[in-house]
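In the working numbering, the protein residues as written are 20 to 956. The beta carbon of each residue, even a glycine, is placed where N, CA and C say it ideally should be.
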């Protein structure tokens, strides 16, 4: 909060903004007036001024005139009053504890600070509504202390229509690191910044989940929501400005920079089913460093309990315990003294423990100027997670059951140990009219797996139950130099920036202990090697790779007139492993009148193949109805990939065009609409699953599979050209209503992706064009996840009402339809079923109460109406269609039973994993309480 000069002496005494005069009889009246200007001493016209008499809730309002002046006559004397100032393009300001005296008009002078954005422009004075490209600014100070969600990915999932992040289940590492998506694209097609500096990705590649399969993710949950001032989401391509990955846009996390005060935040909650208990304690504190420096620190610990949904009843077609024969199954269950409830599959959120810490520091290097300063910021996250794999049961994996250890089967636990850290140090100098910023960023992510309640069945009775399965780590070093200057008299104002960047990446896979991957041959005939649930990384998978990148850029943004802005950016990058790229961006914004403006942009972009995609290699145990199979993901340097004719990975290339309108008819109402098209060539995806080729066409590939001890193989490949089209709408309205203030916002994203071209190696072209759609080079599920795996629309309606000490918010989030093919683990030549997940709406109700100035209490319900997404078998499966070539499910089921000698078990795992992680959480209703204590008020 920033205050006018007449109140500074009160601030020095430790008070909040206060105007103190003696209180007289409430029946008398006086006047409240003042002026509103910007930090450039320009008068702000049309700003909304609302004065609230706190004891009665009576509100009086006014707006500033052409001279920036406002006046509210006939005000009640006494108090306290709260005065709120708001104007589009500026950060709102609130003055509390204002007392009025009869016949003594009170003059309040306000200086509003622009709501400056840090992404999409290198001008230091560009506000949100002045931006030539669309930017969402999310106030984390408010959301962190009120909304049901605590993880940053989930906070943004329910706040930003173009951003999606659904927690995964039974997806190995993705259970522990939430994948993200911006504008329907993959996690690694957006760029994440922290305080404007590049943030590193994780070492994890998403493999088994529904979101971002084959892509590398960012771990946004490494940062506490309570540590952030706000999150800026640039919804436009920006690779020319920031480098590789910024195809869909940029997510910039702004850490708090307060030099005083802070807060303590306590959160607890539980689902309506009594599981998924959460608790969080977060502490934030701002401190002075000298007169103008600051240090802001946040420390946080949280716990999230596991959840399970669906009935415990197993279906004999999918996952019986002892036998696929109904009578034998019943007899053996009875003999064992067990019921299906004893074999209930844990299938929801993983259990997670988090410890987080972050800091943000700035220290002026001059006693008289803020132009030269040293800055540093960073954070560290320690995470321990526990997810589960499907049960290993006698019916489907008799050879992997050791009667002396787990006579009736076992449910392996996949445990993760994640450490994520980043540290930034930099110097900012004022060189006359020029500004120089020099910084270095070090970021690292480390993930290790260990298995419990597991078995290496090839060891028989000698097998341990716990294993260290290895893992991976990724490190990134970025050195950056940026020079910029604003020329205020060139045209109507021109900003020029140029600079260079050097980046070094290092990726490594670490082998697990021997028992986690080795085949000892001491168990039953055909017993699987390695730890059940997640086979460890073997020594042949243990690789390390590095890459360097050097880039240079120039960025210019000019106000041709006060109403017309144009901008351009050029960037050249050179990589040590695949060559160079030259990209550019142009943008423009035209103010057509006081109330309406238009904007447009065109840019080219690219995304370099991640080192994780270049080097990743692992054998994975895939549980199928016929037992476990070894499916290998082989990197492009491997013998298997070379035998298959898979070429080296190339960069993805993009072309992004957008156009929008900004309409601000009054300070109370704003509306923006932005349409976009993103064309991406050579998208990197994970191929289909290929087994032994019985036709002999790929003889060299067959031999390579045998040498690798794998049943199936997959590869990363530049196989798809895609086009994404969409529309973003944002409308906000704020106005007095009765004794309170009504706040309404409506935001929506409509999005559609289509595959324009498939690129298939010669040896695999017959697969992609034959009549066996389930065994394609690029499988059905991958293609459907790209085209229709994200909600085709997402609409968020917030309706809030503030009155006195209470604030009530009703939030509705509409998740559009999702359509995907099911998994094809076997893989079946016929392919799999096509499922349709119908639109769903989640409703949140939040009630906030401020019993004292420094205390805020929130009680609420997430998913008030207990809405669940369509389950795979009773809804999504029946709303979809059978595999290609079959007229009905009845026809397919009859064909399946005749060919395979058993009833169809599709969709896969429909009884033990009844929900897929597509649109929204399937935990149902969630009750929570939050308490926040603000320090320093």
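Which of helix, strand or coil DSSP assigns to residue i
{"i": "residue 185", "result": "coil"}
{"i": "residue 417", "result": "helix"}
{"i": "residue 62", "result": "strand"}
{"i": "residue 307", "result": "strand"}
{"i": "residue 158", "result": "strand"}
{"i": "residue 34", "result": "Any answer about residue 34 is weak, because its pLDDT of 32 lies below 50 and its placement is not dependable; what the coordinates show is given next. In the structure shown, residue 34 sits in coil (DSSP, three-state: anything other than H, G, I, E or B)."}
{"i": "residue 353", "result": "helix"}
{"i": "residue 429", "result": "strand"}
{"i": "residue 70", "result": "strand"}
{"i": "residue 112", "result": "strand"}
{"i": "residue 660", "result": "helix"}
{"i": "residue 799", "result": "helix"}
{"i": "residue 702", "result": "strand"}
{"i": "residue 946", "result": "strand"}
{"i": "residue 373", "result": "strand"}
{"i": "residue 314", "result": "strand"}
{"i": "residue 208", "result": "helix"}
Cβ distance (whole Å) where residue i is taken to contact residue j below 8 angstroms
{"i": "residue 687", "j": "residue 458", "result": "That belief does not hold up - the Cβ atoms of residue 687 and residue 458 are roughly 41 angstroms apart, past 8 angstroms."}
{"i": "residue 193", "j": "residue 400", "result": "Rounded, the Cβ-Cβ distance is 17 angstroms, inconsistent with contact."}
{"i": "residue 369", "j": "residue 406", "result": "4 angstroms"}
{"i": "residue 403", "j": "residue 436", "result": "6 angstroms"}
{"i": "residue 417", "j": "residue 486", "result": "Wrong, their Cβ atoms sit about 21 angstroms apart, outside the cutoff."}
{"i": "residue 556", "j": "residue 637", "result": "6 angstroms"}
{"i": "residue 2", "j": "residue 670", "result": "The question about residue 2 has no answer, for the chain in this structure spans 20 to 956."}
Chain E within 8 angstroms of residue i, Cβ atoms only
{"i": "residue 314", "result": "No chain E is present in this structure, which holds just one protein chain."}
Burial state of residue i (16 or more Cβ within 10 Å)
{"i": "residue 649", "result": "buried"}
{"i": "residue 392", "result": "buried"}
{"i": "residue 524", "result": "buried"}
{"i": "residue 188", "result": "buried"}
{"i": "residue 445", "result": "buried"}
{"i": "residue 44", "result": "Bear in mind that the predicted position of residue 44 carries a pLDDT of just 36, short of 50, making it unreliable; the figure below should be weighed with that in mind. Exposed, because fewer than 16 other Cβ atoms sit within 10 Å of the Cβ of residue 44."}
{"i": "residue 230", "result": "buried"}
{"i": "residue 315", "result": "buried"}
{"i": "residue 666", "result": "exposed"}
{"i": "residue 46", "result": "With a pLDDT of 46 at residue 46, under the threshold of 50, the predicted position of this residue should be treated as unreliable, though the coordinate-derived value follows. Residue 46 should be labelled exposed."}
{"i": "residue 184", "result": "buried"}
{"i": "residue 450", "result": "exposed"}
{"i": "residue 323", "result": "buried"}
{"i": "residue 41", "result": "Low local confidence applies: a pLDDT of 34 at residue 41 is under 50, so the model's placement there is unreliable, and no value is given."}
{"i": "residue 611", "result": "exposed"}
{"i": "residue 936", "result": "buried"}
{"i": "residue 180", "result": "buried"}
Proximity test, residue i beta-carbon vs the ligand NAP heavy atom, cut-off 7 angstroms
{"i": "residue 683", "result": "Looking at this structure, you won't find the ligand NAP or any other ligand, since it has none at all."}
Best match in the options for proximity to residue i [C-alpha to C-alpha]
{"i": "residue 604", "options": "635, 488, 953 and 576", "result": "576"}
{"i": "residue 769", "options": "898, 693 and 129", "result": "693"}
{"i": "residue 424", "options": "910, 376 and 478", "result": "478"}
{"i": "residue 613", "options": "595, 562 and 582", "result": "582"}
{"i": "residue 377", "options": "293, 206 and 214", "result": "214"}
{"i": "residue 490", "options": "781, 438, 346 and 447", "result": "438"}
{"i": "residue 113", "options": "125, 129 and 98", "result": "129"}
{"i": "residue 908", "options": "852, 589 and 117", "result": "852"}
{"i": "residue 632", "options": "413, 615, 657 and 621", "result": "657"}
{"i": "residue 79", "options": "759, 696, 422 and 559", "result": "759"}
{"i": "residue 502", "options": "571, 809 and 104", "result": "571"}
{"i": "residue 123", "options": "116, 93, 149 and 132", "result": "93"}
{"i": "residue 654", "options": "592, 732, 586 and 608", "result": "732"}
> Quick one: any contact between the stretch 458-470 and the stretch 513-521, if contact means 3 or more CB pairs under 8 angstroms?
Replying inline: Verdict: no, contact absent.
> Should the stretch 920-934 be called in touch with the stretch 836-845, which here means at least 3 C-beta pairs below 8 angstroms?
Replying inline: Of all C-beta pairs linking the stretch 920-934 to the stretch 836-845, three or more are shorter than 8 angstroms, placing the two stretches in contact.
> When the Cβ atoms of the stretch 849-858 are set against those of the stretch 883-898, are three or more pairs found closer than 8 angstroms?
Replying inline: Between the stretch 849-858 and the stretch 883-898, the count of C-beta pairs closer than 8 angstroms reaches three or more; the two stretches touch.
> Would the stretch 698-705 and the stretch 672-685 be scored as touching if the rule is three or more Cβ pairs under 8 angstroms?
Replying inline: Contact holds: three or more Cβ-Cβ distances are below 8 angstroms.
>> With three or more C-beta pairs closer than 8 angstroms as the rule, is the stretch 352-364 touching the stretch 235-249?
In response: In the pairwise beta carbon analysis, the stretch 235-249 is classified as not touching the stretch 352-364: fewer than three pairs are separated by under 8 angstroms.
> Do three or more CB pairs link the stretch 365-381 to the stretch 319-330 at distances below 8 angstroms?
Replying inline: The answer is yes - the stretch 319-330 touches the stretch 365-381, with three or more Cβ pairs under 8 angstroms.
>> Does the contact criterion of 3 or more C-beta pairs under 8 angstroms hold for the stretch 251-258 versus the stretch 160-169?
In response: Contact fails: fewer than three Cβ-Cβ distances are below 8 angstroms.
> Does the count of Cβ pairs from the stretch 490-502 and the stretch 521-541 closer than 8 angstroms reach three?
Replying inline: As far as the Cβ criterion goes, the stretch 490-502 touches the stretch 521-541, which means the pair count is three or higher.
> Three or more C-beta pairs closer than 8 angstroms, one from the stretch 151-160 and one from the stretch 66-77: is that the case here?
Replying inline: The way I'd put it, the stretch 151-160 doesn't touch the stretch 66-77; fewer than three beta-carbon pairs between them come closer than 8 angstroms.
>> Taking 8 angstroms as the cut-off, does the stretch 286-303 touch the stretch 934-952 (at least 3 CB pairs, one atom from each stretch)?
In response: Yes: the two stretches touch, three or more of their Cβ pairs being nearer than 8 angstroms.
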